[in-house]
Amino acid sequence: MPTEQEAKPAVVTPSLQQWRSPSTFRGAPGEDPLKWLKEYDRVANFNKWDDMMCLANVYFFLDGTARQWYVNNEDALDSWEAFKNGLSGLFGDRQKYTRRAEEQLKCRAQRSGESTQSYIQSVLGLCQEVNPLMKEDEKVSHLMKGVAEDIYQALLTREINDTASFIKWCNYIEDMKQKRVGRPRFERLPNVVPVASLTDETDLVSLIRTIVREVHRLVNQTQESLDSDPQSLEEIVQDEVERVLAPVSTKPTETRPRPTYASVNQEIQSSCSEIPT
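Residues in the sequence shown are numbered consecutively from 14, following our numbering.
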């Protein structure tokens, strides 16, 4: 028979939900109050704030000009709706923010080192600011005109009608690029003087030394990942170097030096002296 302590149900204490804090609005030039209010409402929903709690907490997330405005008009801001209308009416110029987003969208291009997904989400965010009801083909057009050149060339052969297909093909191309980068391959040799343009033995020696050093470096880098025998690789390199340098290893045909005026004159005088008088 269970004891009284064993029969007593366990009491589960619910854990307190950690609140989230919105960013601070200062009313500085360039700050969009509508975007901030949207963020504030999202945080308020998570924290389960009603309109009275939203108004009571908003002071702590204002600063600078925006906080001073609130202090100056606190008596008139007696509801959350009145606060939102007052803030957006004073600090919000929807047309100004829309024009700024349009300018950014026109010249938005994928930056060097920026991931494709980061670029895509940035462009889609600007499209949302310019026109929340923008059509899918317009969004694709904005995405295509600024994406990296290699991605753009690959996408030209694909049928893309909406942002979902654009993202899908970008992910596929990026995945293929990563697989290709992972394969061992020889890098391009640094710029060296072409063999055909060598005019001096010193240039040829310098070229040979540069090639040998670079080949040695590349062999060391890829030796562990190569499937072939390193000795066979060295033989291939040696054969290729000998084949390429074969034309310059043969001594050029000696050409007769161009006669000078003094030598020609001396020959003429010598010939004239031999003529009997």
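In this text, a Cβ means the ideal position worked out from N, Cα and C, and glycines have one as well.
Out of Arg-33, Glu-44, Glu-172, which one is the CA nearest neighbour of Asp-106?
The residue given as residue 106 occupies position 93 in the sequence shown. The residue with the shortest Cα to Cα distance from Asp-106 is Glu-44.
Quick one: what does DSSP say Leu-50 is sitting in, helix, strand or coil?
Looking up residue 50 in the sequence shown gives position 37. Note: Leu-50 maps to helix in three-state DSSP.
Could you say if the stretch 84-101 and the stretch 121-128 meet the contact criterion of at least three C-beta pairs nearer than 8 Å?
no
Glu-176 to Arg-193, Cα distance in whole Å?
For this step, residue 176 is matched to residue 163 along the sequence shown. For this step, residue 193 is matched to residue 180 along the sequence shown. According to the sequence displayed, residue 176 carries Thr and not Glu. So the two alpha carbons sit approximately 26 Å from each other.
In DSSP terms, what Phe-38 is bridged to:
Locating residue 38 in the sequence shown gives position 25, counting from the first residue. DSSP output for Phe-38 lists Leu-75 as bridge partner(s).
Using 8 Å for Cβ pairs, my map puts Pro-159 next to Val-143. What's the rounded Cβ distance?
Working through the sequence shown from its first residue, we reach residue 159 at position 146. Working through the sequence shown from its first residue, we reach residue 143 at position 130. It should be pointed out that residue 159 corresponds to Gly in this sequence rather than to Pro. About 14 Å; that fails the 8 Å criterion.
Beta-carbon proximity of Gly-77 to Gly-102, cut-off 7 Å:
Along the sequence shown, read from residue 1 onward, the residue named residue 77 stands at position 64. Along the sequence shown, read from residue 1 onward, the residue named residue 102 stands at position 89. In this structure, Gly-102 does not lie closer than 7 Å to Gly-77 by Cβ.
Environment of Phe-38 [buried if 16+ CB atoms lie within 10 Å]
Here the question's residue 38 lines up with position 25 in the sequence shown. Its Cβ being crowded by 16 or more others within 10 Å, Phe-38 is buried.
Would you say Val-56 and Arg-33 are within 7 Å of each other, going by their C-beta atoms?
The residue you call residue 56 lines up with position 43 of the sequence shown. The residue you call residue 33 lines up with position 20 of the sequence shown. Cβ distance < 7 Å, so Val-56 and Arg-33 count as in contact.
Got a sec, what are the start and stop residues for the alpha helix (DSSP H) Val-160 sits in?
Within the sequence shown, residue 160 is the residue found at index 147, counting from 1. Taken as a continuous stretch (DSSP letters only), Val-160 belongs to no alpha helix (DSSP H), as it is neither H nor E.
Environment of Val-225 [buried if 16+ CB atoms lie within 10 Å]:
Position 212 of the sequence shown, counting from 1, holds the residue named residue 225. It counts as exposed.
Let me know the secondary structure DSSP gives Leu-90 once reduced to three states.
The count along the sequence shown starts at 1 and reaches residue 90 at position 77. Correct three-state label for Leu-90: coil.
How long is the line joining the alpha carbons of Pro-27 and Cys-67, rounded to whole angstroms?
Numbered from 1 along the sequence shown, position 14 holds the residue referred to as residue 27. Numbered from 1 along the sequence shown, position 54 holds the residue referred to as residue 67. The predicted position of Pro-27 is uncertain, since its pLDDT is 47 and thus under 50; a value taken from the coordinates is nonetheless stated next. Straight-line Cα distance between these residues: approximately 24 Å.
Option nearest Gln-46 by Cα separation, candidates Tyr-110, Tyr-72, Lys-148:
Locating residue 46 in the sequence shown gives position 33, where the first residue counts as 1. Strictly speaking, residue 46 in this sequence is Pro, with Gln absent from that position. Checked all of Tyr-110, Tyr-72, Lys-148; the closest Cα to Pro-46 is Tyr-110.
Cα-Cα, which of Asn-174, Asp-91, Glu-116 is closest to Arg-69?
Within the sequence shown, numbered from 1, the residue matching residue 69 stands at position 56. Correcting the residue identity first, residue 69 is Ala in this sequence and not Arg. With distances taken between Cα atoms, Ala-69 lies closest to Asp-91.
Please list the terminal residues of the continuous alpha helix (DSSP H) segment that includes Met-13.
Lying before the first or after the last residue shown, residue 13 is absent from the chain, which here runs from 14 to 290.
Our contact map puts Gln-141 next to Tyr-132 with C-beta atoms below 8 Å; I'd like the distance itself, whole angstroms only.
Counted from its first residue, the sequence shown places residue 141 at position 128. Counted from its first residue, the sequence shown places residue 132 at position 119. Incorrect: roughly 15 Å between the Cβ atoms, too far for contact.
Whole-angstrom distance between Gly-138 and Lys-119, CA atom to CA atom:
Position 106 of the sequence shown, counting from 1, holds the residue named residue 119. Position 125 of the sequence shown, counting from 1, holds the residue named residue 138. Those two C-alpha atoms are separated by around 13 Å.
Can the beta-carbon of Leu-146 be found closer than 7 Å to that of Phe-179?
The residue you call residue 146 lines up with position 133 of the sequence shown. The residue you call residue 179 lines up with position 166 of the sequence shown. No, they are not a contact pair.
Opening and closing residue of the alpha helix (DSSP H) in which Leu-13 lies
Lying before the first or after the last residue shown, residue 13 is absent from the chain, which here runs from 14 to 290.
Helix, strand or coil at Thr-111 according to DSSP, with G and I counted as helix
Here the question's residue 111 lines up with position 98 in the sequence shown. If DSSP states are grouped into helix, strand and coil, Thr-111 belongs with the helices.
Distance between beta carbons of Asn-86 and Gly-99, contact taken as under 8 Å:
What you label residue 99 is simply residue 86 of the sequence shown in a count that begins at 1. What you label residue 86 is simply residue 73 of the sequence shown in a count that begins at 1. Their Cβ separation, rounded to whole angstroms, is 7 Å, which keeps Gly-99 and Asn-86 in contact under 8 Å.
Taking buried to mean at least 16 other C-beta atoms within 10 Å of its own C-beta, is Tyr-72 buried or exposed?
The count along the sequence shown starts at 1 and reaches residue 72 at position 59. Burial call: exposed.
Reducing DSSP to helix, strand and coil, say where Thr-223 ends up.
The sequence position of residue 223 within the sequence shown is 210, counting from 1. Helix, per DSSP.
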